[in-house]
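J.:
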Amino acid sequence: MLFNSFDFAVFLVIVFFLYWFVFSKNLKLQNFLLFVSSYVFYGWWDWRFLILLFISTIIDFFFGLLLYNSQNRKKLFLFLSVLNNIGILAFFKYYNFFAASFKELLAHFRFHAEPYFLDIVLPVGISFYTFHGMSYVFDIYRGKTLPTKNFIDYAVFVCFFPLLVAGPIERAWHLLPQVQKKREFSYTQSIQGMQLILWGFFKKVVIADSLAPIVDNIFSNTVSQSGLFLIIGVLYFSIQIYCDFSGYTDIARGTARLFGFELLVNFRFPYFSRDIAEFWRRWHISLSSWFRDYVYVPLGGSKEGTFKAIRNTLIIFALSGFWHGANWTFIFWGLLHAIYFLPLLILKKNRTNIGPIAPNSMLPGFREFFGIFTTFIIVCFAWIFFRAANLSEGLNYINRIFTNKFYIKQKIDIEMYYLPLFILFLFTIEWSCRNQGIEQFFYFFKNRYLKYAACFFLVVIIILFGSFKQNAFIYFQF
Amino acid sequence: MKIFLTKIFFFSLAVVIFFFLFALLADGHADHFYLRFTTPRQNSLILGSSRAAQGIIPDVLDSALTKDYPYQKFYNFSFTIAHSPYGPVYYNAICKKLNPNSKNAFFILAVDPWSISTAQKNPNDSSTFIENRLALGQTHFINLNPNLEYLVKNYDEPFMQIIYKKFTKHDELLHKNGWLEINVPMDSISVLKRTRAKINDYANNNLPYYHFSSLRLRYLDKTIKMLNQHGKVYIVRLPVHPEILKLEETLMPGFDDTIARLSNINNIPYFNLKDSSKHYQFVDGNHLYKNSSKAVTADIANLILKNKNLE
Numbered sequence: 120m121l122f123n124s125f126d127f128a129v130f131l132v133i134v135f136f137l138y139w140f141v142f143s144k145n146l147k148l149q150n151f152l153l154f155v156s157s158y159v160f161y162g163w164w165d166w167r168f169l170i171l172l173f174i175s176t177i178i179d180f181f182f183g184l185l186l187y188n189s190q191n192r193k194k195l196f197l198f199l200s201v202l203n204n205i206g207i208l209a210f211f212k213y214y215n216f217f218a219a220s221f222k223e224l225l226a227h228f229r230f231h232a233e234p235y236f237l238d239i240v241l242p243v244g245i246s247f248y249t250f251h252g253m254s255y256v257f258d259i260y261r262g263k264t265l266p267t268k269n270f271i272d273y274a275v276f277v278c279f280f281p282l283l284v285a286g287p288i289e290r291a292w293h294l295l296p297q298v299q300k301k302r303e304f305s306y307t308q309s310i311q312g313m314q315l316i317l318w319g320f321f322k323k324v325v326i327a328d329s330l331a332p333i334v335d336n337i338f339s340n341t342v343s344q345s346g347l348f349l350i351i352g353v354l355y356f357s358i359q360i361y362c363d364f365s366g367y368t369d370i371a372r373g374t375a376r377l378f379g380f381e382l383l384v385n386f387r388f389p390y391f392s393r394d395i396a397e398f399w400r401r402w403h404i405s406l407s408s409w410f411r412d413y414v415y416v417p418l419g420g421s422k423e424g425t426f427k428a429i430r431n432t433l434i435i436f437a438l439s440g441f442w443h444g445a446n447w448t449f450i451f452w453g454l455l456h457a458i459y460f461l462p463l464l465i466l467k468k469n470r471t472n473i474g475p476i477a478p479n480s481m482l483p484g485f486r487e488f489f490g491i492f493t494t495f496i497i498v499c500f501a502w503i504f505f506r507a508a509n510l511s512e513g514l515n516y517i518n519r520i521f522t523n524k525f526y527i528k529q530k531i532d533i534e535m536y537y538l539p540l541f542i543l544f545l546f547t548i549e550w551s552c553r554n555q556g557i558e559q560f561f562y563f564f565k566n567r568y569l570k571y572a573a574c575f576f577l578v579v580i581i582i583l584f585g586s587f588k589q590n591a592f593i594y595f596q597f
Numbered sequence: 013m014k015i016f017l018t019k020i021f022f023f024s025l026a027v028v029i030f031f032f033l034f035a036l037l038a039d040g041h042a043d044h045f046y047l048r049f050t051t052p053r054q055n056s057l058i059l060g061s062s063r064a065a066q067g068i069i070p071d072v073l074d075s076a077l078t079k080d081y082p083y084q085k086f087y088n089f090s091f092t093i094a095h096s097p098y099g100p101v102y103y104n105a106i107c108k109k110l111n112p113n114s115k116n117a118f119f120i121l122a123v124d125p126w127s128i129s130t131a132q133k134n135p136n137d138s139s140t141f142i143e144n145r146l147a148l149g150q151t152h153f154i155n156l157n158p159n160l161e162y163l164v165k166n167y168d169e170p171f172m173q174i175i176y177k178k179f180t181k182h183d184e185l186l187h188k189n190g191w192l193e194i195n196v197p198m199d200s201i202s203v204l205k206r207t208r209a210k211i212n213d214y215a216n217n218n219l220p221y222y223h224f225s226s227l228r229l230r231y232l233d234k235t236i237k238m239l240n241q242h243g244k245v246y247i248v249r250l251p252v253h254p255e256i257l258k259l260e261e262t263l264m265p266g267f268d269d270t271i272a273r274l275s276n277i278n279n280i281p282y283f284n285l286k287d288s289s290k291h292y293q294f295v296d297g298n299h300l301y302k303n304s305s306k307a308v309t310a311d312i313a314n315l316i317l318k319n320k321n322l323e
């Protein structure tokens, strides 16, 4: 089920009413409702993958208990649990990539091999729920959280429908206690939830989905595009992927608030980052912090000398890229970010920009502006490889920016006129909320009627300018 | 909770009212189908695919038949070969669009091999028919104005296009009587270009995949039988470019015999105009240009009158 579908609107209303009016007095029943509705939500795509989700959930649940109760076989159970999750990922997501890469490698040495390729569909959100499961057993192993004995509670932690298919990647210490605790309806939390949903929809259907056909057209016809349009294509894709993914997260966080849950913040206005290290503290935070906590730190982080710090950085950026998909383009994208990041790490400047952005003024100073501008440009450059079908296509794209005629007069659709205005509106609002969070936007309006008017204005923009072709969210494929 | 729900209710109500008022702005420029979902039930219908949608003009029929049938008003309820081939979806939509009290009405059913064929592997498995997923298959209410269900489920573009198209010059207009008027450059180069593209499209994208469907033929028969209870039914094969006709002969060599048999069984006339293409001008080889649409419609009206006189 897609958030931007009529089915989801009906589903949400039904679950909300059952949750607060029918099952509100019994926590176990409420959680059971969340469990069942999350499976309905997921099964709406393809019910067969529910089996995989269920098996993955039940295995991690029992490994969590076994690991906690074991005295001397903790490592074994941790290993088996990780093996199970990585095995599921490797089979469904990476097998064909490995087989094809193996075939290419052999061909390089003039050997011929015909590996068996799987003809299967990638289960939606597989990278998200397996990472949920792994964080749970890691945290139990480290003594950071206690295992739950209630399977339904654990299953809700893994499959809670707002975050099931595209995150944020939650941690057991953060979400599980909320599942186990009685929730009370909060007017403020629910209103804020609705406002977040509204803002998420604006980003998704007005900006991301309207940009999608323009970006697709530019990236699929690079030969006939002017250099200028190729540059616009990269800029638009950078904005599209941000609005698509952060829009999803806003809708997910807003929906969770309607049920009394607070999810992790996943984006903190990443395009206002002053250097690449800050970008990674603001972009897909739940994934980067996951790799930091469960890969980078256990490998020694940056505390065991420069060589190990560089090695560990390369590993987590490559893994982070690979997490996005079974393609060399993603690995290259990750490594490119590592190359951006390493000078800051080596010069120990990776934590220079951790404070608020332009805290006492409306506009950034020259130095901040320069940092934001250059960071945005290098991030955009890396997106070319993320978006390209393969590495040579990415390189061709860059080549054509400089070799194609810079400007060709061509027919411009009406979207090309109004979309820049909405993008300007988006970044103006986000800039004004940069140090507090987007919730601040609705607090600007002291008068409640003005607040309603602002919400109504957003709804009108969504209705009139939104694209309702039910485009899936980009991050579903990861 | 009570305050929250009350606010959400009134806010949602305001949004629905806004959308309702906005939808009233939608007219024949909105898209190729919307208006047909907003008109009340009708008496006399023109049915078929896009050839009929553009090629048979209700006003021309009305004025030609007005002397003998002064209260007769035709309505063009034709869509495209994807949306409205004969089958369960179109049959149900026709039932919903037809005034159940309609008597002595006229029904013109445009046919061609595509309208009783399908691109599905099993041509008789109606659950896989493409029209199930399109406007007629997805929209329950087809006689509502404004039709919010249609707009929400089927309008493919941002809704602001409704206003934009309304106030800007546009080449396409769906008239209130259901006729789709297309205005495109008719210089020989443009026509040749479009015709080549259309022939290639039919040859490469349709012909290799389409198969005759006996289920669709049965539904054509069922449609005729149902409409026969409300008036007089005429089957018409509209003219097309000879190259497209060739493709149709390849798809279904015995098509005319099949339709002739069907018309005999149901005792209704079959006006076969397929060989008269040289008298008409086409937009793209498949669809008649509006001047030719007038001429073809006038010819159909004459055939109806002649046929009536023979009875």
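Residue numbers (our numbering), protein chains in the order written: chain A, 120 to 597; chain B, 13 to 323. Here a beta-carbon is modelled for each residue, glycine too, at the ideal position from N, C-alpha and C. Since we're looking at a predicted model, the values are computed, not measured.
From which residue to which residue does the alpha helix (DSSP H) around residue 184/B run?
T.: First-last for residue 184/B: 184-186, but that is the beta strand (DSSP E), not the alpha helix (DSSP H).
J.: With DSSP as the reference, label residue 193/B as helix, strand or coil.
T.: Residue 193/B: strand per DSSP, three-state reduction.
J.: Tell me the DSSP bridge mates of residue 117/B?
T.: Looking at the DSSP assignment, residue 117/B forms a beta bridge with 243/B.
J.: If you follow the beta strand (DSSP E) that residue 254/A is in, where does it begin and where does it stop?
T.: Note, residue 254/A: premise wrong, no beta strand (DSSP E); alpha helix (DSSP H) at 245-260.
J.: Under 9 Å, do residue 242/A and residue 371/A count as touching if we go by C-beta distance?
T.: Not in contact: residue 242/A and residue 371/A (Cβ atoms no closer than 9 Å).
J.: Taking Cβ positions only, does residue 310/A come closer than 9 Å to chain B?
T.: At least one chain B Cβ lies under 9 Å of residue 310/A.
J.: Given that residue 168/B touches chain A, what residues does it touch there, using C-beta distances under 8 Å?
T.: Chain A residues near residue 168/B: 588.
J.: Can you list, in chain order, the residues of the stretch 560-591 of chain A whose Cβ is nearer than 8 Å to any Cβ on chain B?
T.: Going along the stretch 560-591 of chain A in chain order, one finds 571, 574, 575, 578, 579, 582, 583, 584, 585, 586, 587 and 588 with a Cβ nearer than 8 Å to chain B.
J.: Is residue 253/A buried or exposed, if buried means 16 or more other CB atoms sit within 10 Å of its CB?
T.: Buried is the call here.
J.: Restricting to Cα atoms, I'd like to know which of 394/A, 257/A and 160/A is closest to residue 186/A.
T.: The residue with the shortest Cα to Cα distance from residue 186/A is 257/A.
J.: Are at least three pairs of beta-carbons, each pair with one atom in the stretch 566-577 of chain A and one in the stretch 148-159 of chain B, less than 8 Å apart?
T.: Verdict: no, contact absent.
J.: Leaving aside the five residues before and after residue 427/A along the sequence, list all residues of the same chain whose C-beta is less than 7 Å from its C-beta, in chain order.
T.: Here the set comprises 419.
J.: Counting pairs of Cβ atoms below 8 Å between the stretch 271-281 of chain B and the stretch 30-46 of chain B, do you hit three or more?
T.: Too few Cβ pairs lie closer than 8 Å, so no.
J.: Please state whether the Cβ-Cβ distance between residue 534/A and residue 170/B is less than 9 Å.
T.: Yes; because the gap between Cβ atoms is below 9 Å, this pair is in contact.
J.: In three-state DSSP terms, what is residue 314/A?
T.: Residue 314/A falls in the helix class under three-state DSSP.
J.: Just mark residue 549/A as buried or exposed, buried being the case when its beta carbon has 16 or more other beta carbons within 10 Å.
T.: By the 10 Å Cβ count, residue 549/A comes out buried.
J.: Within 10 angstroms of the Cβ of residue 66/B, are there 16 or more other Cβ atoms? Answer buried if so, exposed if not.
T.: It is buried - the Cβ of residue 66/B has at least 16 other Cβ atoms within 10 Å.
J.: In three-state terms, what does DSSP make of residue 103/B?
T.: In the structure shown, residue 103/B sits in a helix (DSSP, three-state: H, G or I).
J.: Can you grab the Cα-Cα spacing for the pair residue 307/B / residue 87/B, in whole Å?
T.: Roughly 18 Å separates the two Cα atoms.
J.: Between the Cα of residue 377/A and those of 131/A, 291/A and 167/A, spot the shortest distance and give me the residue it belongs to.
T.: With distances taken between Cα atoms, residue 377/A lies closest to 131/A.
J.: Applying the criterion that 16 or more other CB atoms from any shown protein chain within 10 Å of the CB defines a buried residue, is residue 13/B buried or exposed?
T.: Exposed.
J.: What residues match up with residue 294/B in a beta bridge as DSSP calls it?
T.: In the DSSP output, where bridge partners are listed per residue, residue 294/B has 300/B.
J.: Could you have a look at residue 223/B and say whether DSSP puts it in helix, strand or coil?
T.: Note: residue 223/B maps to strand in three-state DSSP.
J.: Check whether the stretch 473-485 of chain A and the stretch 390-400 of chain A touch, using three or more Cβ-Cβ pairs below 8 Å as the test.
T.: Yes: at least three Cβ pairs fall under 8 Å.
J.: Thinking residue 117/B and residue 212/B are a contact (beta carbons under 8 Å), I'd like their distance in whole angstroms, please.
T.: Their Cβ separation, rounded to whole angstroms, is 40 Å, which puts residue 117/B and residue 212/B out of contact at 8 Å.
J.: Please look up how many angstroms separate the CB atoms of residue 106/B and residue 246/B, rounded, as I've assumed it's under 8 Å.
T.: With a Cβ gap of about 15 Å, residue 106/B and residue 246/B do not count as contacting.
J.: Mind checking the stretch 30-60 of chain B against chain A and listing, in chain order, the residues whose C-beta falls within less than 8 Å of any C-beta there?
T.: Listed by position, the residues of the stretch 30-60 of chain B near chain A (Cβ gap below 8 Å) are 30, 31 and 34.
J.: By Cβ distance, which residues of its chain are closer than 8 Å to residue 509/A, with the 5 residues on each side in sequence left out?
T.: Only 446, 447 and 448 meet the Cβ criterion.
J.: Alpha carbon to alpha carbon, how far is residue 367/A from residue 493/A?
T.: When rounded, the distance between both Cα atoms is 27 Å.
J.: Quick one: which residues of the stretch 139-159 of chain A get their C-beta closer than 8 Å to a C-beta of chain B? List them in chain order.
T.: Cβ contacts with chain B: 139.
J.: Any C-beta of chain B sitting closer than 9 Å to the C-beta of residue 525/A?
T.: No, because no Cβ of chain B sits closer than 9 Å to the Cβ of residue 525/A.
J.: Just tell me which of 282/B, 152/B, 193/B and 168/B has its CA closest to the CA of residue 104/B.
T.: For the residues 282/B, 152/B, 193/B and 168/B, the minimum Cα distance to residue 104/B belongs to 152/B.
J.: When DSSP builds the beta bridges, which residues end up paired with residue 151/A?
T.: None, per the DSSP bridge assignment.
J.: So what's residue 341/A in DSSP terms, helix, strand or just coil?
T.: Coil, per DSSP.
J.: Less than 9 Å separating the beta-carbons of residue 314/A and residue 574/A?
T.: Yes; because the gap between Cβ atoms is below 9 Å, this pair is in contact.
J.: Could one say the Cβ of residue 302/B lies closer than 9 Å to chain A's Cβ atoms, at least one of them?
T.: Output row for residue 302/B: interface = no.
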